[in-house]
Amino acid sequence: MNSERINSLLEQYRPGYGLPAGFYTDPDVWAADIEMLTPHWYIVGHGSQIPDPGDTKVVSLLGESVIVVRGSDGAIRAFYNVCSHRGARLCDESAEGLRQFTCPYHNWSYSLEGEIKSRRLEVVFDETFDPEAHNLRPCHLRVFAGLIFVSLSDAPTDFDAAYQPFEDVFRFYGIADTKVIRVHGFGATANWKTLVENTIDPYHVPVVHPNFTRTRTPAYWQAAAATRHAEVTAAADQAEREMDEWEAALTQLPNATGVIVQDGEHDEQFRWLVRGPLAPGYESETIGGKRVAPLMGRFTESDGASVFSNFNPLDSLFMSPDHATIFNIRPLAHDRIYWDTMWLVDSDAEEGRDYDVDEVCEFYTEVNEEDFPIWEWTYQGATSRAYRPGRLAPQESFIGEFQRWYVRRLRQQVETPATLSV
Amino acid sequence: MNSERINSLLEQYRPGYGLPAGFYTDPDVWAADIEMLTPHWYIVGHGSQIPDPGDTKVVSLLGESVIVVRGSDGAIRAFYNVCSHRGARLCDESAEGLRQFTCPYHNWSYSLEGEIKSRRLEVVFDETFDPEAHNLRPCHLRVFAGLIFVSLSDAPTDFDAAYQPFEDVFRFYGIADTKVIRVHGFGATANWKTLVENTIDPYHVPVVHPNFTRTRTPAYWQAAAATRHAEVTAAADQAEREMDEWEAALTQLPNATGVIVQDGEHDEQFRWLVRGPLAPGYESETIGGKRVAPLMGRFTESDGASVFSNFNPLDSLFMSPDHATIFNIRPLAHDRIYWDTMWLVDSDAEEGRDYDVDEVCEFYTEVNEEDFPIWEWTYQGATSRAYRPGRLAPQESFIGEFQRWYVRRLRQQVETPATLSV
Amino acid sequence: MNSERINSLLEQYRPGYGLPAGFYTDPDVWAADIEMLTPHWYIVGHGSQIPDPGDTKVVSLLGESVIVVRGSDGAIRAFYNVCSHRGARLCDESAEGLRQFTCPYHNWSYSLEGEIKSRRLEVVFDETFDPEAHNLRPCHLRVFAGLIFVSLSDAPTDFDAAYQPFEDVFRFYGIADTKVIRVHGFGATANWKTLVENTIDPYHVPVVHPNFTRTRTPAYWQAAAATRHAEVTAAADQAEREMDEWEAALTQLPNATGVIVQDGEHDEQFRWLVRGPLAPGYESETIGGKRVAPLMGRFTESDGASVFSNFNPLDSLFMSPDHATIFNIRPLAHDRIYWDTMWLVDSDAEEGRDYDVDEVCEFYTEVNEEDFPIWEWTYQGATSRAYRPGRLAPQESFIGEFQRWYVRRLRQQVETPATLSV
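Residue numbers (our numbering), protein chains in the order written: chain A, 37 to 458; chain B, 37 to 458; chain C, 37 to 458.
Okay, structure coming up:
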């Protein structure tokens, strides 16, 4: 890693302004980014996608192919998709009801728990063959509220400390008892930070996303800017009144409102969890506000609100009383990302009778399509010699928070370049 | 930039032989080339393409996206296509009658003169926000004979000194009063110098371009070789007689004939301007020689001649009495170029009545198609370990001139590596 | 070349285990590989493909375009496909009956023996022009058993010493008197060594290739593992008995059986030549074992056997009594190869009457399709951080031999980095 070039970029960074271009466009930064991102926990799916023993989900994460599998004991595990013999990929695609993993190259086999089935091998190997050394390499895995998290690091961040604060809200929304009804992904020419900054930016919503804008009151969008200007202050007061009114009328999950978690510069993760009211008349985060699926979890009626949450820089989960949506930024290169969206409804809901898949997915499908060109145009700008880090608007204070967090984490990464191992 | 490798190539160069392969194939040379090319002025269009205030042309030049716009005052300006806020591309495509530039990301707006419209921003920014620092970054721009030239350098070459000698000829041809009737572009796998050398090479014309060959007499093509051989000397004498005969009969623009400008090794630009007779019976540089559009400028009849001109290593303009053609080499990488062709006729000419677009464009469309494989095959040769710089033929003396000019400019570039800024 | 990184990989290698990942994935290793591969002789076709003077075959080899041509004297020669003047490609595709090579750029012409036709050039060049310096650059070429071999090195390996041991067998099979009936090629994302290791691996055949497996007895496949285990020892004994029985009944070419040539770690080439019995009832290496073309060479009946041979790490030739198949691995980048297959039958055989092309090609077309995903999956594994060189099975002892040979050759390459020239 060329630390000199990265250090020069770190010195150029001025808080309150955008990042210097090289943070988006420099392959050396990209190499450091990948190491910095590795210890985090990433969502690779939901337990409902692999309900039975031997069900697998093959996923791509930070350049690695990973097999997520439900074992004979019902527990979920993850393994690198690499045979210990000649390195061939074990599973080409997700599957159901496997009894074991069998390599397509030489039939080396492993139990669903990753142990090599060496009986057959003993015929061809002598006693110096060490079966233990040829088991599959496991990845760290945790299941939380039905969501499957994987970390590719030897020393992942502290999972329990990170997500315990999310627990009550996720339990109330019944995320553990949902099912995935659609997964949709597409690629874009952009740096992953372009997308993070877009995801946490309320300022662009009224410009780019008309239907998303309507899900909140005008005061909500304006209030994001904490400045002294009279107009904004009035909006902030108004938004606060709206929040108070909603809280006063709230009967469900009344102790978890507003900003519940919001990480900043000095936190290890980059998490947030926010619950707040939708526009009057809106029961769900949909086009027009009508519910599109049965209530989830412990809801007995809509709370007229939604939850935005984020687990790490790359993975978000947005929840309404009737459905939830997961967004995964998957960096592929300094100038290339893949964007995956998963939609969830209550596991007892029946397609056709209780919900229509297209209707549930309509809202964020539109939002994705509206953001896609923004990602590419913004990344394109960073490649220009005319690019200068612009002044962040007050509404973009959270982007500034992310950038300070990122710069601090990258500096740590450059100063103590740990060698990755499995 | 790896100056050591470039210096080694500079030492290998022998005048009179082709360039060593690395000048075409080495990415380090490519990085130096781009810096060397940057101070020049490049044609990005014709004023007729953006006739009214708010009309824009979005163009790509040396890796940058540039907006060319006619302002409210009728003047033409150019700006980098990068919003000063978050860097997003302001204009995705050329447009007509814009009132302002509005960024698709957060609605930041700029006047057609590039000034930020900060009134709306004042609501969200405090008094420390500096509007002047957030205007669009302008590019140097000049309009000459209706042609729009842009330079991306802080210190462009001297425009007036460069193009004053072209003025009389361009005025007579009425280039300012033409209109663009077609733009056609395509990409090729080749280095930009492969194309420059092809463009200024009379030696290949009789081999590759039968219809182009017929536009001049046989003596013209042979005379390009200034050697002692009897056959060539005879051709040169014959070509001179043909030139004299044409000049003697000339009634229009009689004081501008032959080689008017021809830059060499020690000049800053790499310009040329040559006017000479077509083959007997040819009124225009077309297949068969017939005129394909009304006479342009001050012509009252065809002068039976054409003009070849070049403004810099990458841009040429060829003129007949009834139409003109602009060629732009646009380098994209050491092994990738884009080739744009624009056809011009008198602005008062009416399609259908006065000209047929396909007929006007037929000649150079064919020439382009004939040259395309030559570019790729020649570049391919430079990648072979069997490639040796071959002896240049006498007919290629102008290629030798270009190569000496290029080597001299590159040496200057390597010796004084100025940092580019906007 | 970054010898430090290569040396570190060389130190990591443990005989008996797979190669460290960098040998497959590192671009520096790739650069060294190309130099190491250059002195070898590669099959570029069969004489029957260019039967008459002026017939040419244009081939790609290690990044070079090469013209293989039969001259006026009937001899076959090879030249780099690069004009000595400006470097343009002389021949875009294979052709028949050329009288000379004429460059498409400026009509420079060369005899079929590569000599420049300078008479016409003398008109334009003075006496300082040296025709000898502008002849085409020849490649080393040898014809053996009708097969055309080319080496791109100045100092190729010793051809006669290498292939003399193959002579009797190839003469008996009549390879010189065959014709090519189909050439089929396709690309894959893999390192060339992934393919070499796959080509010489008997262990995967029963897993991946059911029809190939049936061409030999079960004992044959098991016997590849030379271990002390009773089961394998029994198979080896059984395979030996089968070999003895076949040899006892053999009436044709009885003095050339079993392993005739098998290079190891300390040999210069990486050759092998093995002849052994097919399964009972099999007359040819086909699906089901029936003959698909007339007997070749001196065969009067099938010998119930087939021959596997290899000339260098990249080129193999497999022979049955009625047809032969040539396989060429063509490396394009560290992660990209092209795989060419050629099928040969007796030159007197008549399509439709004596053989059906699809039927002859069916067997190895299927084998190719079965191996293709294995190549990509195995290469993919080497890019994972979970990849560890696995223990080679006893059946993979020949892969271990190749790897020791490769590591030794690469070490020599790194220690004495000769500059390539033509």
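We put the CB at the ideal spot given by N, CA and C, even for glycine.
- Annotation: residue 164(C) is outside any alpha helix (DSSP H) and is labelled neither H nor E by DSSP.
- In summary, residue 229(C) is buried, with 16 or more beta-carbon neighbours lying within 10 Å of its beta-carbon over all protein chains present.
- Exclusion of the five residues before and after residue 341(A) leaves 282, 311, 312, 313, 314 as the residues of its chain whose Cβ lies within less than 7 angstroms of its Cβ.
- Note on geometry: alpha-carbon atoms of residue 97(B) and residue 372(B) lie some 14 angstroms from one another.
- Residues of the segment 385-416 of chain C with a C-beta less than 9 angstroms from any C-beta of chain A: 409, 410, 412, 413, 414, 415, 416, listed in chain order.
- In this structure, residue 202(B) sits away from residue 322(B), with a CB-CB distance that is not shorter than 8 angstroms.
- Per DSSP, the beta bridge partners of residue 312(B) are 342(B).
- For the pair residue 356(B) and residue 113(B), the Cα-to-Cα distance works out to about 29 angstroms.
- For residue 357(C), no Cβ of chain B is located within less than 8 angstroms of the residue's own Cβ.
- For the set 53(A), 41(A), 40(A), the Cα lying nearest the Cα of residue 439(A) is the one of 53(A).
- Sequence-distant Cβ neighbours of residue 206(A) in its own chain, meaning closer than 6 angstroms and more than five residues away, are 181.
- Counting along the chain, residue 306(B) sits inside no alpha helix (DSSP H), nor does DSSP assign it H or E at all.
- Taking 8 angstroms as the cut-off, the beta carbon of residue 136(C) is found no closer than this to the beta carbon of residue 130(C).
- Annotated three-state conformation of residue 52(B) is coil, per DSSP.
- In the DSSP assignment, residue 202(C) falls outside any alpha helix (DSSP H), carrying neither H nor E.
- Residue environment for residue 222(A): exposed (fewer than 16 other C-beta atoms within 10 angstroms of its C-beta).
- Within the same chain, Cβ atoms closer than 6 angstroms to the Cβ of residue 172(A) are found at 115, 146, 150, the five residues on either side in sequence being excluded.
- Between residue 80(C) and residue 236(C), the gap from beta carbon to beta carbon reaches 8 angstroms or more.
- Taken in chain order, the unbroken stretches of alpha helix (DSSP H) that lie wholly in the segment 405-456 of chain B and span 4 residues or more are 433-451.
- Rounded to the nearest angstrom, the gap between the Cα atoms of residue 84(A) and residue 165(B) is 51 angstroms.
- Look at the segment 98-120 of chain C: the residues with a C-beta under 8 angstroms from a C-beta of chain B are 99, 100, 101, 116, 117, 118, 119, 120.
- Interface annotation for the segment 133-163 of chain A against chain C: 140, 141, 142, 143, 159, 160, 161, 162, criterion Cβ-Cβ distance under 7 angstroms.
- Contacts with chain C at 8 angstroms (Cβ-Cβ) do not include residue 81(B).
- Per DSSP, residue 298(C) is one residue of the beta strand (DSSP E) stretching across 294-298.
- Listed as beta-bridge partners of residue 174(B) by DSSP are 115(B).
- Scanning 288(B), 450(B), 163(B), 139(B) for the CA closest to the CA of residue 204(B) turns up 288(B).
- At a Cβ-Cβ threshold of 8 angstroms, residue 396(A) and residue 329(A) count as neighbours.
- Between residue 77(B) and residue 219(B), the C-beta spacing is not below 8 angstroms.
- Interface annotation, residue 123(B): in contact with chain A, CB-CB separation under 8 angstroms.
- Within chain C, not a single residue places a beta-carbon under 8 angstroms from that of residue 370(A); the smallest gap is close to 17 angstroms.
- A Cβ-Cβ separation of about 35 angstroms leaves residue 384(C) out of contact with residue 244(C) under the 8 angstroms criterion.
- Of the other Cβ atoms in all chains shown, 16 or more fall within 10 Å of the Cβ of residue 320(B); this residue is therefore buried.
- Between the C-alpha atoms of residue 103(A) and residue 419(B) there is a straight-line separation of about 43 angstroms.
- A straight-line Cα-Cα distance of about 16 angstroms links residue 280(A) and residue 296(A).
- The beta-bridge partner set that DSSP reports for residue 364(C) consists of 351(C), 376(C).
- Counting the other CB atoms within 10 Å of its CB gives residue 50(A) a total below 16, which places it among the exposed residues.
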